[in-house]
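When the letters of the sequence shown are read in order and numbered with this note's numbering, they come out as residues 1 to 267. One structure is given below, encoded as structure tokens.
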Amino acid sequence: MPTQKPILRGDIMVKAAIPRDVMTFWVRGGVLRPMEAPTGTGFKLRFSWYEANIAAIMNQLRILGVKIEGMLSIGRVYREAIAYFDGLGLNRNQVYGLWSLFIVEDSFVARMLRQAELRNLVNSPGFDRDKNPSIVAAFVDLSEDEQEEELKEAMLAAAGEAHGEKRLTREIAEIRENVEREDFYRHLHAYLTVTEQPKADDPAGHSANLEEMTYFWRTGEGDEYRFAWGPKASGEATKDGAKAMIAVDVTAVLYEVWNRPEDGTFP
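Following this line, the structure appears as structure tokens:
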């Protein structure tokens, strides 16, 4: 069952299906980071709950031949993302709320740019309004929207209603003033990946979807791994110069972590 309480080393081994020798090697090598330094023989190491997610993802990469150096670089990105949003005082649901605010802002920017383009076109010399009624109609519609003072409030309300617990709140709107867009998006998908805890009734945990895969790649021997999630991820890897990549259905992997029976077996 999903939990955000500290988790013991043995529980991570069961949840992520990691052999004991691999677990020992990873702790010593820094792939997994306990909450306290081990002291004495038989010390029951405790880990933050999200280390179970990191362990499960790294185990898939280990099976596919990724070395510890690659795991360390990937793990660093995950932990930096967690530190970033923890530093803002946001939990996972609130991060979704902040994301919805950025989407709303982007929508307004797109509308304004489109409106400016149409204004320039409609007012350009030689433009025949009678022969281009659809363009004129689009310009009028956008102009009317631009004048509606309640438009923004309606969009914000819709965003809040659509996301439920992930709704947009006044607190999140205030935090937005201190958040740089570039920093937010740099950490967003890594954070949403490493903090995912699929529930037993989550249909995404049962089947792979190529558009929901996380792709890992690097462009040269010794280079750090990069990764991206979603339908554009493979294209991003190709654009980056990658000739090969690893695709992992992270949601399915993490579904097993948080819904695996106590005996470690899984149907």
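No residue lacks a Cβ here, since even glycine has one placed at the ideal position from N, Cα and C. A quick note: this is a predicted structure, and the numbers were derived from the prediction, not measured.
- Remark: three or more beta-carbon pairs, one from each stretch, lie closer than 8 Å, so the stretch 184 to 202 and the stretch 45 to 56 are flagged as touching.
- Selection T251, R218, E221, T3 evaluated against G230 yields T251 as nearest (Cα-Cα).
- In this structure, DSSP gives W217 an extended state, which the three-state scheme calls strand.
- Taking all protein chains shown into account, M213 has 16 or more neighbouring C-beta atoms within 10 Å of its C-beta and is therefore buried.
- DSSP links R226 through a beta bridge to W217.
- Minimum Cα-Cα distance from I18 among the listed residues R28, A56, L64, K44 corresponds to A56.
- Excluding sequence positions up to five before and after T24, its CB lies less than 8 Å from no other CB in the same chain.
- Distance from the CA of L98 to the CA of S124, rounded to the nearest whole angstrom, comes to 39 Å.
- Under the DSSP assignment, I18 falls outside any beta strand (DSSP E); it carries neither an H nor an E label.
- At least 8 Å separates the beta-carbon of I103 from that of Y225.
- C-alpha of G70 to C-alpha of R33: approximately 16 Å in a straight line.
- If you check the CB distance, M35 and P6 come in under 8 Å.
- A straight line joining the alpha-carbon of L210 with that of A237 spans about 14 Å.
- Minimum Cα-Cα distance from N91 among the listed residues P133, R76, D201, Q4 corresponds to Q4.
- DSSP places A83 inside the alpha helix (DSSP H), whose first and last residues are 68 to 87.
- Of the residues assessed, F127 falls on the exposed side of the cut-off, its CB having fewer than 16 other CB atoms within 10 angstroms.
- Of A83, L45, V31, the smallest CA-CA separation from L61 is found for V31.
- If you check the CB distance, R76 and L45 do not come in under 8 Å.
- Here the alpha carbons of W217 and K199 stand approximately 29 Å from one another.
- In the displayed model, F127 falls within coil according to three-state DSSP, outside both helix and strand.
- Counting the other CB atoms within 10 Å of its CB gives N178 a total below 16, which places it among the exposed residues.
- In this structure, I68 lies near G29, with their beta-carbon atoms less than 8 Å apart.
- In the structure shown, L254 adopts helical secondary structure according to DSSP, grouped into three states.
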